[in-house]
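Position one of the sequence shown corresponds to residue 1 (the UniProt record's numbering), numbered consecutively onward.
Even glycine gets a Cβ: it sits at the ideal position worked out from N, Cα and C.
Comments concern the structure below.
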Amino acid sequence: MSEITLKKALEDALDKEQKAHDFYMKLYDLLSDLGAKAIIKELAEEEVKHREMITKAMETGKIEHIGLDTKFYTTDLGIAQMVLPQVITEDMSVQDVLRIAMKHEDNSRIFYEKLAEKFAGSEAEEFFRRMAVEEANHRNKIQNIYDDIVYDEN
Ligand SMILES: [Fe+2]
Ligand SMILES: [Fe+2]
């Protein structure tokens, strides 16, 4: 059973946020609708903000009283199963990519919810819960773009 620290969990989160940002920048190029582009750009910027929040938490020790070296068991986190298609290929439709984006956001939400459960009762729990809510909001925004596109085509 592998053991990881809160520090490692936050580093994984940083990595996840970077990937989400890069993904949205690619999606931004793919979209032609200006309204949809604006929303995706906003989401990309929010992922940057998430990175900043996590970095700040690590640097200032905002969640320090539980200790960055607090250990927990990671085998039941289920993060390993969250395999995401990271590559956007030419033959994908915008709908395909938006579906991937929604899955991406679902996984991010679950990732933070599981971390919140792991650190229940601590300041880190609140932090992770807040992140989970933001990722849920991201998913809803993408769902709206998706619905608009599907509606327009039918
Ligand atoms: Fe995020
Ligand atoms: Fe997100």
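Query: So what's T60 in DSSP terms, helix, strand or just coil?; Result: helix
Query: Reducing DSSP to helix, strand and coil, say where T89 ends up.; Result: coil
Query: Between which residues of its own chain and E64 is the CB-CB distance below 6 Å, once the five residues before and five after are set aside?; Result: Here the model assigns E64 a pLDDT of 49, short of 50, so the residue's position is not dependable and the matter cannot be decided.
Query: Pull every residue with its beta-carbon under 6 Å away from any heavy atom of ligand 2, and keep them in chain order.; Result: A20, E47, E105, S108, E135, H138
Query: With hydrogens ignored, establish whether the beta-carbon of E17 is closer than 7 Å to any heavy atom of ligand 1.; Result: yes
Query: Under 8 Å between the Cβ atoms of L98 and I39?; Result: no
Query: Short of 7 Å in beta carbon distance, which residues of its chain neighbour E135, apart from the five on each side in sequence? Order them along the chain.; Result: E105, S108, R109, Y112
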